[in-house]
Amino acid sequence: MISRSLALHGGLIALLCVLQFVLPAYHHGNLARIMVLATYAGAYNIMFGYTGLLSLGHALFFAAGMYGMGLAMQHGGLSPAPAMAVGLLAGLAVSAVLGVLALRTAGVAFMIVTLMFAQAGYLAILYFGNWTRGDEGFVIQQAERALAGIDLSDPTNRYFAALVLFALGMGLTLRLVRSRFGRVLVAIRENEERTRMLGYDVFAHKLGAVILSGTLSAVAGAAYGLLFGYVGATFGAVQYSIFPLLWVLLGGAGTVIGPFLGTLFMFYLIDLSSGITSAYMLVAGVALVLLTLFAPQGLAGEIRARLWRWLP
Amino acid sequence: MLATLEGAVTAAVLALTAVGLSLVFGVMRVVNVAHGEFFMLGAVLAWWVAHLAGGHAAVGFGLALVVAPVLVGLIAALADVAVLKRVGYDPERTIVATIGILYIIQQVTLMTYGPDARPVEPPFNTRIPLPWFEFTDQGFALYWPWGLSTTSYKLAVIGASGVVLLTVRLLMTRTRIGLLMRATQLDRETALAFGIPVDRVYAVVFAIGAGLAALAAVLIVPISQAHYLMGGDPLLLSFIVVIIGGLGSLPGTVVAAILIRLSDGIISVFFSPTLAKILATLLVALVLVFRPQGLFGGARA
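So the protein sequences, as listed, match chains A and B. According to my numbering, the residues represented by the first sequence are 1 to 312, in order. According to my numbering, the residues represented by the second sequence are 1001 to 1301, in order.
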């Protein structure tokens, strides 16, 4: 069982590794982007897919990491490695505070509270425009984007950095699913009352899931800013809270490989449709409605239900 | 004083929009994220109708006042039957589905109506000067200073909103359909067992909720303008109002709308608008965290 899952996920990483040498430049760049965003979606999946907490405010974490990293470089004069650490810590702090507050609520109220906090965060980015440059955002200069002597603005290096990040995120999720902690999270998703009755500290486990998910989202956000050299307020807006939900739903919530499939599919769907119409969000809207109607389990979820029951 | 009156106009419109959202949540337990888009559709349709009708501004506006809410209500009922009913009104899946509906409506409007903001002429718009009291050396004096004025249309908006809100209240408490709605709200299963067509009640409630938002939009469109992105602010504000007023409580919603609008004016005197928005959003989030039944809600139902 473990070997099959290892073969599947290891195979995906190997395939992505090979694709690097085959793909034309345009798709090459796209795939690097997709891998970073899939890491973000994977982080979202820890909360939504495994713990059953639907957040509508994950952009807050993504932006916390991105701005933690970006501001540390721009105004703190830090080099990329410590700046990434600042981004991680920012995500850790924000998710801990949000977790403690928002987890007092449940269900619909939880969604609205996360949405509201993310909105406040987005507005705060605009409000402190002197430092964050608001809507315009700021560019991280090419010369500064070097990690341990490796120039991350070079497409090949960038691709491998994204691949390493993606593999780390996926490895983390695979570990989590098998761990005691991860199993309790699934138990909470399935039946919170019963889990509490069995003697587990439900609040602490949920908080752990929020912090883990938020921090990983922040790392993805920081990496996105560093790899593609741009930090902007759009990444803190509502869309970036909706996107991971969409990707995870499409790929399959509660599966390790689902977020990647969803991100890949959606990215190219929007990429192709934006060639035809400027109203590409229409595609996202239709996809959301159709998904909730016909495939609430997503691509990987349907595969699991029909073919591979062992899919983690 | 002038700020208060302007606040009253927006409060009236906000109350209408929020009551629509509150009704849908109260009866159906559905958080309609696409509510702001129904508001926007109302405004855009008002422009279409007024544009097509031609003639005197009042003709187009009068037509829009009837046609836009009805059309939006129909669209909402369609969305309810085609989508919401089929996901079984599961709270989380309906939120996701209404987010989808939000994007569909917004983008279809962008593709057909375009990205411009367009005004609708108010049916009547006479300037009414307001008196101003002042104590001078000669004692008490009364002025009609230039600039301190309102328009008859703004007063009419306040009046119309009041009438509509009363009608909704009467509809809920005095009529058969209101009775059915309240029965469904209290206990869906029992209502079903008593032969109440719950499905149809839901469709009607969803349509009325959307229609109210559209009506509010038609009323405000001569003051502001119709634009395809105009749904965002009313959605957020309606959420704030409904949460502060207690989810599903109509009088609480109206009180909260007035309170929010008035305090909004006062806050924005001291702070910048962005900071005011940040504070308002945080406040609402904290209210939900620490007082989930709302400020005016009683014990948890």
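Glycine is no exception: its CB is placed at the ideal position from the N, C-alpha and C atoms.
DSSP-derived helix/strand/coil call for arginine 1118 of chain B: In this structure, arginine 1118 of chain B counts as strand in the three-state DSSP scheme.
For alanine 220 of chain A versus alanine 43 of chain A, is the C-beta spacing smaller than 8 Å? yes
Return the CA-CA distance between alanine 1301 of chain B and leucine 1236 of chain B, expressed in angstroms with no decimal places. Residue placement at alanine 1301 of chain B is flagged as unreliable, the pLDDT there being 37, under the threshold of 50; the coordinate-derived value follows with that caveat. C-alpha separation (whole angstroms): 24 Å.
Any beta-carbon of chain A closer than 8 Å to the one on glutamine 1107 of chain B? yes
Of the choices B:Arg1188, B:Ile1075, B:Leu1155 and B:Pro1222, whose alpha-carbon is the least far from that of isoleucine 1101 of chain B? B:Ile1075
With DSSP as the reference, identify every bridge partner of phenylalanine 61 of chain A, one or two as the case may be. Answer is none; phenylalanine 61 of chain A lacks a bridge partner.
Could you give the DSSP three-state label for phenylalanine 138 of chain A: helix, strand or coil? strand
Just list the beta strand (DSSP E) runs in the region 261-299 of chain A, keeping only unbroken ones of 3 residues or longer that don't cross its boundaries, in chain order. Within the region 261-299 of chain A, no run of beta strand (DSSP E) reaches 3 residues while sitting entirely inside it.
By a C-beta neighbour count over all protein chains shown, 10 Å radius and 16 as the cutoff for buried, is glutamate 1037 of chain B buried or exposed? buried
By the criterion of Cβ-Cβ separation under 8 Å, what are the contact partners of threonine 1354 of chain B in chain A? This structure cannot settle anything about residue 1354 of chain B, because the visible part of chain B is limited to 1001 through 1301.
Residues of chain A with a CB under 7 Å from the CB of proline 1091 of chain B: which are they? Gly107 and Val108
Contact list for the region 278-309 of chain A against chain B, Cβ threshold 9 Å: Ser278, Ala279, Tyr280, Met281, Leu282, Val283, Ala284, Gly285, Val286, Ala287, Leu288, Val289, Leu290, Leu291, Thr292, Leu293 and Pro296
Of the choices A:Leu249, A:Leu56, A:Met47 and A:Ala223, whose alpha-carbon is the least far from that of proline 296 of chain A? A:Leu249
Work out the CA separation of glutamate 192 of chain A and valine 22 of chain A for me, nearest whole Å. 47 Å
For threonine 292 of chain A, is the classification buried or exposed, using 16 other Cβ atoms within 10 angstroms of its Cβ as the cut-off for buried? buried
Which residue from A:Ala284, A:Ile125 and A:Ala223 puts its Cα closest to that of methionine 35 of chain A? Comparing Cα-Cα distances from methionine 35 of chain A to each of A:Ala284, A:Ile125 and A:Ala223, the minimum goes to A:Ala223.
Give the straight-line distance between the Cα atoms of valine 1087 of chain B and arginine 1093 of chain B, rounded to the nearest whole angstrom. Taking the straight line from one Cα to the other gives about 7 Å.
Beta-carbon spacing of valine 1096 of chain B, leucine 288 of chain A below 8 Å: yes
Excluding sequence positions up to five away, which residues of its chain have a Cβ less than 6 Å from the Cβ of threonine 263 of chain A? Ile34, Leu37, Ala38, Ala41 and Trp247
Under the assumption that valine 113 of chain A contacts threonine 105 of chain A (Cβ atoms under 8 Å), give the Cβ distance between them as a whole number of angstroms. 5 Å
Indicate whether at least one CB of chain B lies closer than 8 Å to the CB of alanine 102 of chain A. With its beta carbon less than 8 Å from one in chain B, alanine 102 of chain A belongs to the interface.
According to DSSP, alanine 1226 of chain B sits in a beta bridge with which residue or residues? B:Arg1118
Shorter than 8 Å from the beta carbon of glutamine 119 of chain A to some beta carbon of chain B? Contacts with chain B at 8 Å (Cβ-Cβ) include glutamine 119 of chain A.
Please specify which runs of the alpha helix (DSSP H), each continuous and at least 4 residues long, are wholly inside the region 79-106 of chain A, giving them in chain order. 80-102
Go through its chain and collect everything with a Cβ distance to isoleucine 1105 of chain B's Cβ below 7 Å, but skip five positions before and after it. Ala1034, Glu1037 and Leu1041
Per-residue contacts from arginine 1086 of chain B into chain A (C-beta, under 8 Å): Leu293
Starting from the beta carbon of valine 113 of chain A, find every residue of chain B whose beta carbon is closer than 8 Å, and list them in chain order. Ala1285, Leu1288 and Val1289
Nearest to isoleucine 1089 of chain B by CA position, among B:Gly1178, B:Val1030, B:Tyr1103 and B:Ala1079, is which residue? The amino acid at residue 1089 of chain B is misidentified as isoleucine; the sequence shows tyrosine. Of B:Gly1178, B:Val1030, B:Tyr1103 and B:Ala1079, the residue nearest in Cα terms is B:Val1030.
Does the beta carbon of glycine 1020 of chain B come closer than 8 Å to any beta carbon on chain A? Using a CB distance cut-off of 8 Å, glycine 1020 of chain B does not count as an interface residue toward chain A.
In chain B, which residues lie with their C-beta within 8 Å of the C-beta of leucine 60 of chain A? Those do not exist, as leucine 60 of chain A stays about 11 Å from chain B at its closest Cβ, beyond 8 Å.
With a threshold of 8 Å between beta carbons, is leucine 54 of chain A in contact with chain B? Leucine 54 of chain A counts as touching chain B.
With a 10 Å radius around its C-beta and 16 neighbouring C-beta atoms as the bar for buried, classify phenylalanine 48 of chain A as buried or exposed. buried
Please report whether the beta-carbon of isoleucine 242 of chain A lies at a distance below 8 Å from any beta-carbon of chain B. yes
Inter-residue spacing [alpha-carbon to alpha-carbon] between glutamine 74 of chain A and phenylalanine 228 of chain A: Using only the alpha carbons, I get a separation of about 15 Å.
Taking contact to mean at least 3 C-beta pairs separated by less than 8 Å, is the region 1061-1077 of chain B in contact with the region 1204-1212 of chain B? yes
List the DSSP bridge partners of tyrosine 230 of chain A. A:Val139
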